[in-house]
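Count along the sequence shown from 1, add 76, and you get the number used in my numbering. Report on the structure given below.
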Amino acid sequence: PSSTLLGMLGLAPTPGSGNPMLGRGGIVLLYGVQHAPIVFITMRAGLSRVPRDLVEAARSCGARPLGVLRTIVLPVLRPYVVAAAALAFVSGVGNFGIPALLGMPVNYLTLPTLIYQDLSSFGPSVLPQIAALSVLVGALALTGMV
77 PSSTLLGMLG LAPTPGSGNP MLGRGGIVLL YGVQHAPIVF ITMRAGLSRV PRDLVEAARS
137 CGARPLGVLR TIVLPVLRPY VVAAAALAFV SGVGNFGIPA LLGMPVNYLT LPTLIYQDLS
197 SFGPSVLPQI AALSVLVGAL ALTGMV
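Written out as structure tokens, the structure is:
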């Protein structure tokens, strides 16, 4: 797919080339876009807990901004960073839509799309295999929550 506007800017892919959004790069990009609000809200809550008087006291005593970040801000934000990462990870592990739309056309499978593909094949050994993959997804999600 080529666009006149992108062609004028020199950003259009060559005619006949594949869609650059299909595959791993597009999935990672859209996961980032989808999970950015979750991470933002969590980090915003953490930043509201940073004691401003400590930051101001450190700055007035001559601490550099990087030192204030390392000694005051990051220790307060550590639980929020872990929570944001866990929420984004757990949300991404079970996501079916993005990998199905961007990965399956180029045969790039994630666990949810692999489960769907196996389940739609209707073979005799499908259910035990699907159950094992589902347990794996659950274990990965629990790992992200712990």
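Cβ coordinates follow ideal geometry from the N, Cα and C atoms, glycine included.
#1: Do the region 113–131 and the region 156–165 touch if we need at least three Cβ pairs shorter than 8 Å?
#2: Is the region 146–159 in contact with the region 180–189, if contact means three or more CB pairs nearer than 8 Å?
#3: Between Ile206 and the rest of its own chain, which residues show a CB-CB distance below 8 Å, the 5 nearest in sequence each way excluded?
#4: Considering only the beta carbon of each residue, do Ala134 and Ile148 sit closer than 8 Å?
#5: For Gly138 and Leu150, I'd like the C-alpha separation in whole angstroms.
#6: Where does Ala139 fall in DSSP's three states?
#7: Quick check on Ser167: does DSSP put it in helix, strand or coil?
#8: To the nearest whole angstrom, what separates the beta carbons of Val189 and Ala208, a pair I think is in contact under 8 Å?
#9: Grab me the residues of Leu216's own chain with a C-beta within less than 7 Å of its C-beta, minus the 5 sequence neighbours each way, in chain order.
#10: Would Val213 and Leu187 be called neighbours here (beta carbons separated by less than 8 Å)?
#11: Just confirm the distance between the C-beta atoms of Ile103 and Ser167, as a whole number of angstroms; I'd bet it's less than 8 Å.
#12: In terms of alpha-carbon separation, which member of Tyr107, Met84, Thr90 lies closest to Gly173?
#13: Taking the alpha-carbon positions, what's the Leu145 to Thr219 distance?
To lay it out plainly:
#1: Contact holds: three or more Cβ-Cβ distances are below 8 Å.
#2: No contact exists between the region 146–159 and the region 180–189.
#3: Cβ neighbours of Ile206 beyond the five flanking positions: Ile191, Asp194, Leu195.
#4: One thing to note: Ala134 has its Cβ within 8 Å of the Cβ of Ile148.
#5: About 18 Å.
#6: It is coil, neither helix nor strand.
#7: Per DSSP, reduced to three states, the secondary structure at Ser167 is helical.
#8: A small correction: the amino acid at residue 189 is Thr; Val does not occupy that position in the sequence shown. In this structure, Thr189 and Ala208 do not form a Cβ contact; the two beta carbons are roughly 16 Å apart against a cut-off of 8 Å.
#9: Spatial neighbours of Leu216 in its own chain (CB-CB distance under 7 Å, excluding positions within 5 residues in sequence) are listed in chain order as Val169.
#10: Taking the C-beta atoms as reference points, Leu187 is found nearer than 8 Å to Val213.
#11: Ser167 and Ile103 do not touch by the CB rule: their CB atoms are close to 14 Å apart, not below 8 Å.
#12: Considering only alpha carbons, the answer is Tyr107.
#13: Spanning the two alpha carbons is a distance of roughly 29 Å.
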